[in-house]
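Novice:
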Amino acid sequence: MQVLSAADERRLIGELVETRKSLIRATIALAESRGEEPPPAEDFHKMIRSIRECGLGSDAADDEVQHLVSKYEETRDRIALANVRLVAYAARRYLNRGISFSDLLQEGFCGLLIGIDRFEPANGTRLATYALWWIKQALRRTISADAYPVRLNPKLLRQVAVEQEDLAHGPHAAKPHVTATLKSIRCAIRPTVSLDLAVDSGVSSTLADKSSSPTNRDRDSLENGEYVGHMMQSLSPREQTILQLRFGLDGKPTHSLSQISELLDVSKERIRQIQEKALQKLRAYEGSASPTRGRSIDTSGQSVRIKL
134 MQVLSAADER RLIGELVETR KSLIRATIAL AESRGEEPPP AEDFHKMIRS
184 IRECGLGSDA ADDEVQHLVS KYEETRDRIA LANVRLVAYA ARRYLNRGIS
234 FSDLLQEGFC GLLIGIDRFE PANGTRLATY ALWWIKQALR RTISADAYPV
284 RLNPKLLRQV AVEQEDLAHG PHAAKPHVTA TLKSIRCAIR PTVSLDLAVD
334 SGVSSTLADK SSSPTNRDRD SLENGEYVGH MMQSLSPREQ TILQLRFGLD
384 GKPTHSLSQI SELLDVSKER IRQIQEKALQ KLRAYEGSAS PTRGRSIDTS
434 GQSVRIKL
């Protein structure tokens, strides 16, 4: 673990703040010159993530922005590594809550990075005090999310409530973005017993057996439906929800990790971990059910072959 003296930390924080200001100015200027909407400067952590995930182009101006992002992240990481003890200190208070210590450390470190991104030394608060608050908030959210099958983003729920109220007093036709938001909410809270994973993790689509008779298809559909139900029961409700959103089960639209992160108010890395854990459970279940290994499962008129 890297240790910084008080003077070194103050110097790095000063460099970080100046780089942050330069990055915000450069990003906004670049977006405006192209007539585009700039990333959200009010939430610098999301702004950095947006630039990393989407980019802004490939010209010299974009190269300057990317250089500033790299410089900022390098400085921020040095500060974060010097304060990682705060994460361990806070994480120990949340042991025995059903989440492993390593997962707590990862979520707490994400909170530390957000705290550094938002820190303003001009406010007179010590970095350790300020960052510890964000670390604890990240840990509390993780504990809360693990305690319930689905914990939707409170901001998103408030937005839906306001828009539903507007629709109740306005035209009957829903606005497209309102409809999309409501659809995402319903997808998140609706249970599923389907496993029509058509992408990723070794799961591939296959054509239904056209030679089978309607009677055989009906019988196979019933048997396979029970089998799929047993497979899904091996997952927690939250794991089922994330797979449903990620892979578009039951004919629903697929969602990116970022979209699920925003919807469930959990970090993208945590969503990825839960997804991988769920798929590992399904692989283990399929491996233990050797008589049915490789069988074709008919769900919602589609046939898929499990190859986990």
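In terms of my numbering, the sequence shown opens at residue 134 and continues consecutively. Beta carbons: idealized from backbone N, C-alpha and C, even for Gly. Predicted model, so just to flag it, every value in this text is computed and none were measured.
Apart from the five residues on each side of it in sequence, which residues of its chain come closer than 7 Å, Cβ to Cβ, to Phe234?
Specialist: Ala224 and Leu228, listed in sequence order.
Novice: For the alpha helix (DSSP H) containing Thr442, name the first residue and the last one.
Specialist: Any property of residue 442 remains undetermined from this structure, which presents the chain solely from 134 to 441.
Novice: Measuring alpha carbon to alpha carbon, tell me which of Gln373, Thr152 and Leu272 ends up nearest Glu207.
Specialist: Nearest option by C-alpha distance: Thr152.
Novice: Evaluate Tyr222 with the Cβ neighbour count: other Cβ atoms within 10 Å of its Cβ, from every protein chain shown; 16 or more gives buried, anything less gives exposed.
Specialist: It counts as exposed.
Novice: In angstroms with no decimal places, state the Cα-to-Cα distance between Arg251 and Leu368.
Specialist: Roughly 37 Å separates the two Cα atoms.
Novice: Assign Ser271 to one of two classes, buried (16 or more other C-beta atoms within 10 Å of its C-beta) or exposed (fewer than that).
Specialist: At residue 271 the sequence reads Ala, which differs from the Ser that was named. With 16 or more Cβ atoms within 10 Å of its Cβ, Ala271 is classed as buried.
Novice: Check Asp398 in the structure and name its three-state DSSP category.
Specialist: Three-state result, Asp398: coil.
Novice: In three-state DSSP terms, what is Thr387?
Specialist: Three-state result, Thr387: coil.
Novice: In chain order, what residues of the same chain have a beta carbon less than 6 Å from the beta carbon of Arg350, not counting five sequence neighbours either side?
Specialist: Unreliable placement is indicated for Arg350, whose pLDDT of 46 sits below 50; the coordinate value is still reported in the next sentence. Cβ within range, chain order: n/a, list empty.
Novice: Could you pull out every residue in the same chain whose Cβ sits closer than 7 Å to the Cβ of Glu148, ignoring the five residues on either side in sequence?
Specialist: Counting only Cβ-Cβ distances below 7 Å, and skipping sequence neighbours, we find Thr208.
Novice: Which of the three DSSP states, helix, strand or coil, is assigned to Val136?
Specialist: Here Val136 sits in coil by DSSP.
Novice: In three-state terms, what does DSSP make of Val150?
Specialist: Correct three-state label for Val150: helix.
Novice: Would you identify the three-state DSSP class for Pro171, choosing helix, strand or coil?
Specialist: Pro171 falls in the coil class under three-state DSSP.
Novice: Quick one: using the 10 Å Cβ neighbour count with 16 as the cut-off for buried, is Val136 buried or exposed?
Specialist: Exposed.
Novice: If you follow the alpha helix (DSSP H) that Ser369 is in, where does it begin and where does it stop?
Specialist: That residue, Ser369, is in no alpha helix (DSSP H); it is neither H nor E in DSSP.
Novice: In or out: Ala139 buried (at least 16 other Cβ within 10 Å) or exposed?
Specialist: Classification for Ala139: exposed.
Novice: Distance check for Lys154 and Ser166, CA to CA, integer angstroms please.
Specialist: Going from the Cα of Ser166 to the Cα of Lys154 covers about 18 Å.
Novice: Whole angstroms are fine: how far does the CA of Glu197 sit from the CA of Pro370?
Specialist: For Pro370 and Glu197, the distance between alpha carbons rounds to 45 Å.
Novice: What does the alpha-carbon distance come out to for the pair Glu372 and Arg379?
Specialist: The alpha-carbon atoms of Glu372 and Arg379 are separated by roughly 10 Å.
Novice: What's the gap between the Cα of Arg426 and the Cα of Lys414?
Specialist: In this prediction, Arg426 has a pLDDT of 46, which is less than 50 and means its spatial position is unreliable; what the coordinates show is noted afterwards. So the two alpha carbons sit approximately 15 Å from each other.
Novice: Helix, strand or coil, according to DSSP, for Tyr227 in the structure here?
Specialist: Coil.
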